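Protein chains in written order, with the numbering used here: chain D, 48 to 654; chain S, 9 to 351. Working notes, structure below.
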Amino acid sequence: MATHTHTQTEHEHMVHHDHVHHHDDHEESFVSKYIFSMDHKMISRQFLITAVVMAVIAMTMSVIFRMQLAWPGEKFAFVNALLGDKWAKDGILDPNMYLALVTIHGTIMVFFVLTGGLSGTFSNLLIPYQIGARDMASGFLNMLSYWFFFLSSVIMLSSLFIDDGPASGGWTIYPPLSAVPEAMPGSKLGMTLWLISMTIFVVSSLLGSLNYIITIINLRTKGMKMTRMPLTVWAFLITAILGVLSFPVLVSCVLLLIMDRGFGTSFYLSDIYIGGRPLDNIGGSPILFEHLFWFLGHPEVYIVLLPALGITSEIIATNSRKPIFGYRAMIGSMLAIGFLSFIVWGHHMYMTGMNPFLGSVFVFTTLLIAIPSAVKAFNYITTLWKGNVQFTPAMLFSIGLVSSFITGGVTGIILADSTLDINVHDTYFVVAHFHIVMGLSAIFGMFAGVYHWFPKLFLRMMNKKLGFVHFWFTLVCAYGTFFPQHFLGMAGVPRRYYTNSNFPMFDNLVDINEICTISAILGALAQGIFLFNFFYSIFRGEKAPQNPWNSTTLEWTTPMANIHGNWPGALPVVHRWSYDYSKPGKSTDFVPQTVPLEEGEVDGGGH
Amino acid sequence: MKLLVLLAIVLLIIAGHQLLRIIELSRGLKKTKEWELTDSDNDRMGKAMLVFMVLFFAFFFWQVARWNDRSLPAAASEHGLKIDLLWDANIYLVTFIFLVTNFFLFWFAYKYRGHAKAKAVYFPHNNKLEMAWTIIPASALAFIIIFGLKYWNEITSVSEDPNKVLVELYAKQFDWTARYAGKDGKLGTTDFRQISGSNSVGMDTADVLGSDDILVKNEFHIPVNKEIVFEMRSRDVIHSAYMPHFRAQMNCVPGMVTFFKFKPIKTTAEMRNDPYVKQLMAGINAQRKINGEEPVEFDYTLLCNKICGSSHYAMAMTIIVESEADYNNWIAKQKTFKTVAQK
Numbered sequence: 048m049a050t051h052t053h054t055q056t057e058h059e060h061m062v063h064h065d066h067v068h069h070h071d072d073h074e075e076s077f078v079s080k081y082i083f084s085m086d087h088k089m090i091s092r093q094f095l096i097t098a099v100v101m102a103v104i105a106m107t108m109s110v111i112f113r114m115q116l117a118w119p120g121e122k123f124a125f126v127n128a129l130l131g132d133k134w135a136k137d138g139i140l141d142p143n144m145y146l147a148l149v150t151i152h153g154t155i156m157v158f159f160v161l162t163g164g165l166s167g168t169f170s171n172l173l174i175p176y177q178i179g180a181r182d183m184a185s186g187f188l189n190m191l192s193y194w195f196f197f198l199s200s201v202i203m204l205s206s207l208f209i210d211d212g213p214a215s216g217g218w219t220i221y222p223p224l225s226a227v228p229e230a231m232p233g234s235k236l237g238m239t240l241w242l243i244s245m246t247i248f249v250v251s252s253l254l255g256s257l258n259y260i261i262t263i264i265n266l267r268t269k270g271m272k273m274t275r276m277p278l279t280v281w282a283f284l285i286t287a288i289l290g291v292l293s294f295p296v297l298v299s300c301v302l303l304l305i306m307d308r309g310f311g312t313s314f315y316l317s318d319i320y321i322g323g324r325p326l327d328n329i330g331g332s333p334i335l336f337e338h339l340f341w342f343l344g345h346p347e348v349y350i351v352l353l354p355a356l357g358i359t360s361e362i363i364a365t366n367s368r369k370p371i372f373g374y375r376a377m378i379g380s381m382l383a384i385g386f387l388s389f390i391v392w393g394h395h396m397y398m399t400g401m402n403p404f405l406g407s408v409f410v411f412t413t414l415l416i417a418i419p420s421a422v423k424a425f426n427y428i429t430t431l432w433k434g435n436v437q438f439t440p441a442m443l444f445s446i447g448l449v450s451s452f453i454t455g456g457v458t459g460i461i462l463a464d465s466t467l468d469i470n471v472h473d474t475y476f477v478v479a480h481f482h483i484v485m486g487l488s489a490i491f492g493m494f495a496g497v498y499h500w501f502p503k504l505f506l507r508m509m510n511k512k513l514g515f516v517h518f519w520f521t522l523v524c525a526y527g528t529f530f531p532q533h534f535l536g537m538a539g540v541p542r543r544y545y546t547n548s549n550f551p552m553f554d555n556l557v558d559i560n561e562i563c564t565i566s567a568i569l570g571a572l573a574q575g576i577f578l579f580n581f582f583y584s585i586f587r588g589e590k591a592p593q594n595p596w597n598s599t600t601l602e603w604t605t606p607m608a609n610i611h612g613n614w615p616g617a618l619p620v621v622h623r624w625s626y627d628y629s630k631p632g633k634s635t636d637f638v639p640q641t642v643p644l645e646e647g648e649v650d651g652g653g654h
Numbered sequence: 009m010k011l012l013v014l015l016a017i018v019l020l021i022i023a024g025h026q027l028l029r030i031i032e033l034s035r036g037l038k039k040t041k042e043w044e045l046t047d048s049d050n051d052r053m054g055k056a057m058l059v060f061m062v063l064f065f066a067f068f069f070w071q072v073a074r075w076n077d078r079s080l081p082a083a084a085s086e087h088g089l090k091i092d093l094l095w096d097a098n099i100y101l102v103t104f105i106f107l108v109t110n111f112f113l114f115w116f117a118y119k120y121r122g123h124a125k126a127k128a129v130y131f132p133h134n135n136k137l138e139m140a141w142t143i144i145p146a147s148a149l150a151f152i153i154i155f156g157l158k159y160w161n162e163i164t165s166v167s168e169d170p171n172k173v174l175v176e177l178y179a180k181q182f183d184w185t186a187r188y189a190g191k192d193g194k195l196g197t198t199d200f201r202q203i204s205g206s207n208s209v210g211m212d213t214a215d216v217l218g219s220d221d222i223l224v225k226n227e228f229h230i231p232v233n234k235e236i237v238f239e240m241r242s243r244d245v246i247h248s249a250y251m252p253h254f255r256a257q258m259n260c261v262p263g264m265v266t267f268f269k270f271k272p273i274k275t276t277a278e279m280r281n282d283p284y285v286k287q288l289m290a291g292i293n294a295q296r297k298i299n300g301e302e303p304v305e306f307d308y309t310l311l312c313n314k315i316c317g318s319s320h321y322a323m324a325m326t327i328i329v330e331s332e333a334d335y336n337n338w339i340a341k342q343k344t345f346k347t348v349a350q351k
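And the structure:
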């Protein structure tokens with residue numbers, strides 16, 4: 048405890064010094080304020096804007112390949128306009144480009160939008176604000192984290208413009224397909240760029256995550272016990288720990304692949320005859336790659352999901368005007384999910400030829416995850432019960448998240464069962480499952496976060512009505528896109544097929560694909576409403592008051608200005624947990640964390 | 009033309025800008041802030057939640073009614089029937105959870121939609137409730153795990169049937185080859201370095217066991233009611249041998265041999281007469297007519313189900329299941345590796 052206080056004071060002192068200095072020469076240069084900024088709020092904005100750009104690109108890709116799936120062989124002028132004659136002659140998508148789009152869509156969405164974008168934006172914004180810190184433990188590392196992220200984004204996008212096209216072996220880049228350049232055009236330079244980009248991405252992620260962990264452990268303000276922290280901060284903490292433990296494994300996985308590709312090793316390669324000749328590589332195994340990849344790949348699912356669940360916990364409590372139901376159970380569930388996520392990766396590999404007994408162990412561990420997930424879902428629903436529900440756009444998206452978390456989660460119970468996985472593995476049933484449970488939930492969480500904390504990000508308010516319209520369009524189109532895909536999977540349609548028209552057995556599924564695609568196009572167009580609202584409100588939105596949602600947490604105790612150091616005076620002192628909404632005997636329906644407990648008042652929901 | 013489009017876009021932007029100016033100016037006159045929720049907002053959104061729920065569930069049942077009979081026909085293999093049984097049990101269970109929990113979510117959102125005078129109930133936790141929804145899912149999962157693993161062990165166990173038929177499925181970009189063990193009942197060894205135009209699967213020519221092996225492309229036959237043991241291999245990248253009608257799938261991985269076994273219980277001819285399959289094919293042929301294509305009959309298909317390159321989507325083989333006598337006739341007519349190689 049002594050060291051803790053020591054670090055706290057030291058940091059306080061340090062930042063205070065900065066603060067004074069800041070007043071001396073008031074004008075910060077453009078470069079240090081907007082580009083190489085070390086302020087957590089600016090870095091958060093940088094992550095968000097980058098993620099928005101990446102998301103638009105990845106979404107456009109999905110529209111292009113969805114159109115190919117619904118109307119194979121049709122000519123689309125706009126596809127030709129975007130991709131050129133090489134990849135879409137006469138507006139018909141090339142099969143290699145189809146695979147490239149699927150691959151880069153997945154990569155960008157999983158890593159750049161929902162990992163970098165989601166954690167980068169909200170961990171950066173909310174950790175210092177909600178624990179009462181002046182900034183991240185290391186502003187410099189934080190800045191590096193963003194710029195590595197930016198660099199890796201640029202490299203990933205640059206691969207779209209090279210002659211052979213970008214990586215196209217699927218976002219899971221299984222070797223030998225990804226290791227042998229003769230296997231497909233995308234395994235040439237495009238794959239090299241993918242690997243470099245992802246390595247740099249991991250550097251960014253590690254710098255960020257370490258910073259988040261250190262900040263949360265060391266820089267909590269006086270009174271901010273771990274059990275008083277908002278669930279957002281808990282979620283960011285567990286996410287960061289997952290990232291630190293799993294992303295390095297991806298680097299090792301990628302490094303071995305780079306060795307196999309360029310330096311003649313055989314970690315993943317054996318007995319291969321391709322391009323008219325046998326390769327020299329002997330003794331390796333692609334299964335090793337799959338183990339290493341999914342050792343990251345599965346925790347990654349929760350790296351994507353947990354921040355969204357944290358954000359939602361906070362927003363649902365605030366807007367139900369009720370404490371989150373089962374605060375400690377929520378923390379326990381997140382810890383359990385985080386722990387279990389490390390021992391379930393094999394459920395992606397039931398059909399790889401991995402020993403079936405090993406498969407049965409993974410069935411057991413995977414299905415265990417359903418328990419904490421169910422607890423979380425029930426707790427959200429109970430939080431709404433007898434609440435005074437305020438339907439802000441953020442709240443709408445949070446409810447959307449709970450719905451998609453349930454709808455996509457239940458099919459996970461089926462896929463986790465190796466026996467049932469035999470027939471739907473790698474089909475559209477899986478595509479439907481993970482898009483709903485992970486894709487929709489995480490992106491809904493991200494939207495919720497943007498609408499809710501927009502006042503803290505840009506000091507202005509987003510337009511409510513446009514938010515409503517955006518939400519309903521998005522929710523309807525999202526289910527319209529992904530729900531029918533369960534039926535494609537049950538008809539046995541494999542994923543990553545350029546067209547389903549090659550086999551008569553799928554001929555009767557045309558209308559299902561059309562519904563998916565039309566919903567996807569409408570859903571994509573609806574994002575225009577969001578983009579307009581977002582960029583318009585940054586510059587012209589109504590000025591935000593200090594605490595627009597009548598929230599209890601610390602970020603709403605600072606004035607609406609971008610103050611370096613966050614609080615103009617001393618740091619706030621915390622006296623209670625963050626969920627005192629509608630507490631009996633209080634005059635308002637929320638009690639900020641900075642209000643001291645009354646005599647005899649019990650803190651933390653009766654614990 | 010392009011100039012006109014450009015001009016139209018510029019005009020649209022100007023018009024939009026002017027419109028926004030008007031909205032912004034009129035906003036200054038109002039007392040309430042745009043972003044503040046009113047009781048009528050909450051009322052409308054709460055009701056919208058209920059409407060959405062009804063539409064969502066209607067959409068769900070509409071899909072089931074319209075598309076459920078386009079699912080794969082009942083399994084055509086012995087173990088597949090067990091998978092189907094377990095699948096049905098699981099689907100009913102998760103559909104129930106899906107409907108009930110989504111119902112409570114949207115119902116509570118509607119019922120407790122806020123208004124200015126309402127006060128929420130302070131209800132931070134309840135150990136009994138939390139215990140209940142930990143224990144109930146846990147016991148349901150125990151059931152799922154036990155049955156799932158029982159079947160999984162049966163399906164993946166090593167075949168001890170002395171009358172089994174051994175078939176190798178050999179994958180390469182972008183086709184399949186099936187190899188039968190021949191009279192000696194043993195597959196010859198292989199060596200990828202011996203792959204050539206006339207030896208496409210890399211048979212080890214020095215191994216006599218391989219001389220009576222039979223290699224076929226495009227279509228392979230298997231006898232009904234006999235255990236078929238598949239050995240899977242790949243020449244170049246990972247492929248996956250997916251035989252959805254039999255509920256069978258296994259990756260083909262370069263550098264190793266993988267296995268899957270099943271016992272087909274319906275011949276191709278029997279499947280073509282199955283009422284469910286008939287209605288399925290009627291739907292398929294109706295669509296083919298619209299596309300201007302010839303009608304087709306039902307066939308079992310082997311598909312590639314692991315991304316393997318540009319023609320991944322076109323990598324398939326037809327499977328014919330027939331009586332043992334027909335199968336024996338067919339296999340007797342096939343040329344052995346030795347006779348093909350001597351030519």
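Virtual Cβ for every residue (Gly too), placed ideally from N, Cα, C. Just so you know, these numbers come straight off a predicted model, no measurement behind them.
Here DSSP, grouped into helix, strand and coil, assigns residue 248(S) to strand. DSSP places residue 330(S) within a strand segment (E or B) once states are collapsed to three. Membership of residue 227(S) in the beta strand (DSSP E) is indicated by the continuous run 227-231.
Between the alpha carbons of residue 48(S) and residue 639(D) lies a distance of about 27 Å.
Shown here, residue 41(S) sits in coil according to DSSP, grouped into three states, outside any helix or strand. Per DSSP, the beta-bridge partners of residue 311(S) are 250(S), 324(S). Bounds of the alpha helix (DSSP H) holding residue 136(S) are 135-164. Using beta-carbon distances, residue 243(S) counts as an interface residue toward chain D, with a partner under 9 Å.
Against chain S, the beta carbon of residue 458(D) has neighbours under 7 Å at 102, listed in chain order.
Within chain D, the residues whose beta carbon sits less than 8 Å from that of residue 324(S) are 549, 550, listed in sequence order.
Among the residues of chain S, none has a CB under 7 Å from the CB of residue 124(D); the nearest is roughly 12 Å distant. In this structure, DSSP gives residue 85(S) an extended state, which the three-state scheme calls strand.
For the segment 419-442 of chain D, the set of residues with a beta-carbon nearer than 8 Å to any beta-carbon of chain S comprises 421, 422, 424, 425, 426, 427, 428, 429, 431, 432, 433, 434, 435, 436, 437, 438, 439, in chain order. At a cut-off of 9 Å between C-beta atoms, residue 218(S) does not count as an interface residue with respect to chain D. Check the Cα spacing between residue 263(S) and each of 297(D), 528(D), 315(D): the tightest is with 315(D). Neighbours of residue 531(D) in chain S, taken as residues at a C-beta separation under 8 Å, are given in chain order as 71, 75. As a beta-bridge residue in DSSP terms, residue 590(D) pairs with 507(D). For residue 361(D), the enclosing alpha helix (DSSP H) begins and ends at 333-367. Residue state for residue 424(D) is assigned as helix, using DSSP reduced to three classes. When Cβ-Cβ separations below 9 Å define contact, residue 41(S) makes contact with chain D. DSSP, reduced to helix, strand and coil, places residue 500(D) within a helical segment of the structure shown. A buried status is given to residue 149(D), since no fewer than 16 other beta-carbon atoms sit within 10 Å of its beta-carbon. In this structure the segment 225-232 of chain S lies against the segment 182-190 of chain S, because at least three pairs of beta carbons, one per stretch, are closer than 8 Å. What residue 26(S) touches in chain D, judged by beta-carbon distance under 7 Å, is nothing: the nearest beta carbon there is about 14 Å away.
If you check the CB distance, residue 311(S) and residue 250(S) come in under 9 Å. Here residue 164(D) has 94, 95, 97, 98, 99, 101, 102, 493 as same chain residues with Cβ atoms under 8 Å from its own Cβ, once five neighbours each way along the sequence are excluded. Residues of the segment 383-413 of chain D with a Cβ closer than 8 Å to any Cβ of chain S, in chain order: 398, 399, 400, 403, 406, 407, 410, 411. At the C-beta level, residue 370(D) and residue 145(D) stay beyond 9 Å of one another. For residue 433(D), no beta strand (DSSP E) segment is defined, and its DSSP state is neither H nor E. Chain-order list of chain D residues neighbouring residue 304(S): 551, by C-beta distance under 7 Å.
For the segment 260-287 of chain S, residues whose beta-carbon sits nearer than 9 Å to a beta-carbon of chain D comprise 260, 261, 262, 263, 264, 265, 266, 267, 268. Put simply, the backbone Cα of residue 535(D) is about 14 Å away from that of residue 113(D). Cβ-Cβ distances below 6 Å link residue 510(D) to 580 in the same chain, with the five nearest sequence neighbours on each side left out; the list follows chain order.
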